[in-house]
Amino acid sequence: MSLGFEEIFINLEFLTILVVYNRRRELIERVKILDEEVEENTNNFFVKEIVIDVFYGRKELDLKILNLSCLTEFQKKVLIKTKDIPRGKVSTYKKLSEKVGVEGGARAVGNVMRFNPFPILIPCHRVIKSNREIGEYGGGKTLKRKLLIFEGVGFENKWKVLNEYVV
């Protein structure tokens, strides 16, 4: 990493994430879900505490800590609305597109989720298909299901969320 950037590895319950933090600007540049557990390497307790608090639902994410400058206005709107989906609930790509004012924009919302630079912090795993099937996830479909169960979402079958959890 170049000067001013710090790579922070954080192990959370059943996954490991890499957080790229810009020390100069005091912003999280991106988050990546890793395939394997890696030894934690940080003394940056500020960033680690933010990630842990958001992951466990202790605190809401303050968007000011994220570098959103490289995103389009549409991407920002979608990610901000995604952040507002309560823990233990899910929303659909279609409903999210309607909330940002784009009728019929479910696929566009799906693309924003697919390229979310801040998974876990911006909970794209809480966005599902209109038929209540969980759909795909950058960290894998099994991890998406595991995250939703961890947050208290109930399932009708292996891949389909119970209607009462959809907002």
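Just so we're aligned, residue 58 is where the sequence shown starts under this note's numbering, counting upward by one. Glycine included, each C-beta is placed from N, C-alpha and C at the ideal position.
Limits of the alpha helix (DSSP H) - the one that residue i falls within
i	result
Ile107	102–112
Ile137	130–140
Lys198	198–207
Leu84	Premise fails: Leu84 lies in the beta strand (DSSP E), 84–91, not in any alpha helix (DSSP H).
Endpoints, the beta strand (DSSP E) within which residue i is located
i	result
Arg164	Taken as a continuous stretch (DSSP letters only), Arg164 belongs to no beta strand (DSSP E), being part of the alpha helix (DSSP H) at 163–171.
Leu123	Where Leu123 is concerned, there is no enclosing beta strand (DSSP E), given that its DSSP letter is neither H nor E.
Leu72	72–79
Leu153	Premise fails: Leu153 lies in the alpha helix (DSSP H), 150–156, not in any beta strand (DSSP E).
Leu69	62–69
Status (buried if at least 16 other CB within 10 Å, exposed otherwise) for residue i
i	result
Thr199	exposed
Asn68	exposed
Arg171	exposed
Gly114	exposed
Phe206	The question names Phe, yet the displayed sequence has Ile at residue 206. Exposed, by the Cβ-count rule.
Val129	In the sequence as presented, Val is not what sits at residue 129; that position holds Thr. It counts as exposed.
Val95	exposed
Leu204	buried
Phe112	buried
Gly162	buried
Test item: CB-CB of residue i and residue j under 8 Å
i	j	result
Ile85	Ile142	no
Val79	Phe102	Inspection of the sequence shows that residue 79 is occupied by Asn rather than by Val. Cβ distance not < 8 Å, so Asn79 and Phe102 don't count as in contact.
Val77	Gln132	no
Gly196	Ile90	yes
Arg189	Val224	no
Arg82	Asn124	yes
Spatial neighbours of residue i in its chain, beta-carbon cut-off 6 Å, leaving aside the 5 residues before and after
i	result
Glu213	Leu219
Lys116	Asp110
Asn173	Ile179, Cys181
Spatial neighbours of residue i in its chain, beta-carbon cut-off 7 Å, leaving aside the 5 residues before and after
i	result
Lys238	Look at the range of the chain in this structure, 58 to 224, and you will see that residue 238 is not part of it.
Leu153	Val135, Lys138, Thr139, Val166, Val184
Phe71	Lys203
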